[in-house]
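**Student:**
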Amino acid sequence: MIGNEAFYMLQEGVASAQDIDKALKLGLNHPMGPFEMIDLVGLDTRLHILEYLHKMLGEKFRPAPLLVQYVKAGRIGRKSGHGVYEYPGHEPGRPEPTNPPPAKAGRNDTRVE
Numbered sequence: 153m154i155g156n157e158a159f160y161m162l163q164e165g166v167a168s169a170q171d172i173d174k175a176l177k178l179g180l181n182h183p184m185g186p187f188e189m190i191d192l193v194g195l196d197t198r199l200h201i202l203e204y205l206h207k208m209l210g211e212k213f214r215p216a217p218l219l220v221q222y223v224k225a226g227r228i229g230r231k232s233g234h235g236v237y238e239y240p241g242h243e244p245g246r247p248e249p250t251n252p253p254p255a256k257a258g259r260n261d262t263r264v265e
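The numbering used here puts the first residue of the sequence shown at 153, with every later residue one more than the last.
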């Protein structure tokens with residue numbers, strides 16, 4: 153799962169979330185980077201999937217600790233107004249507008265507020 157590996161890279165300080173997204177979009181011709189996709193799907197949803205895969209298939213699928221930390225802090229993606237990136241103007245619990253403003257990049261560090 154590319155998203156989980158991306159979280160390990162972010163956690164270890166290999167690159168910023170923006171740089172990891174850009175690398176996969178440019179290098180693999182993906183329409184979205186892994187963090188953009190995770191924010192869209194929901195960090196909580198991705199965590200539940202990884203927990204199941206870890207239970208069924210082993211250590212290779214252990215969720216990155218930073219992903220777990222973000223979910224515990226309520227940073228679950230666009231639906232909450234913030235995940236890996238911030239989504240200003242989005243009210244949690246309300247549907248997103250059909251043409252949302254571009255997401256502002258979050259902090260380059262891995263601290264959870």
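Virtual Cβ for every residue (Gly too), placed ideally from N, Cα, C. Since the model is a prediction, treat every value here as computed from it, not as a measurement.
In whole angstroms, what is the alpha-carbon distance linking residue 185 and residue 216?
**Tutor:** Locating residue 185 in the sequence shown gives position 33, where the first residue counts as 1. Locating residue 216 in the sequence shown gives position 64, where the first residue counts as 1. About 17 Å.
**Student:** Would you kindly work out how many angstroms separate the C-alpha atoms of residue 224 and residue 159, rounded to a whole number?
**Tutor:** On the sequence shown, position 72 is the one that residue 224 refers to. On the sequence shown, position 7 is the one that residue 159 refers to. Cα atoms of residue 224 and residue 159: separation of roughly 15 Å, rounded to the nearest angstrom.
**Student:** For my contact list, residue 268 and residue 235 are in at a C-beta cut-off of 8 Å; report their separation, rounded to the angstrom.
**Tutor:** Here the chain has residues from 153 to 265 only, and residue 268 is not among them.
**Student:** Excluding the 5 residues preceding and the 5 following residue 218 in the sequence, name in chain order all residues of the same chain whose CB lies nearer than 7 Å to its CB.
**Tutor:** Mapped onto the sequence shown, residue 218 falls at position 66. Counting only Cβ-Cβ distances below 7 Å, and skipping sequence neighbours, we find 159, 162, 163 and 262.
**Student:** Check residue 194 in the structure and name its three-state DSSP category.
**Tutor:** The residue labelled residue 194 in the question sits at position 42 within the sequence shown. Three-state result, residue 194: coil.
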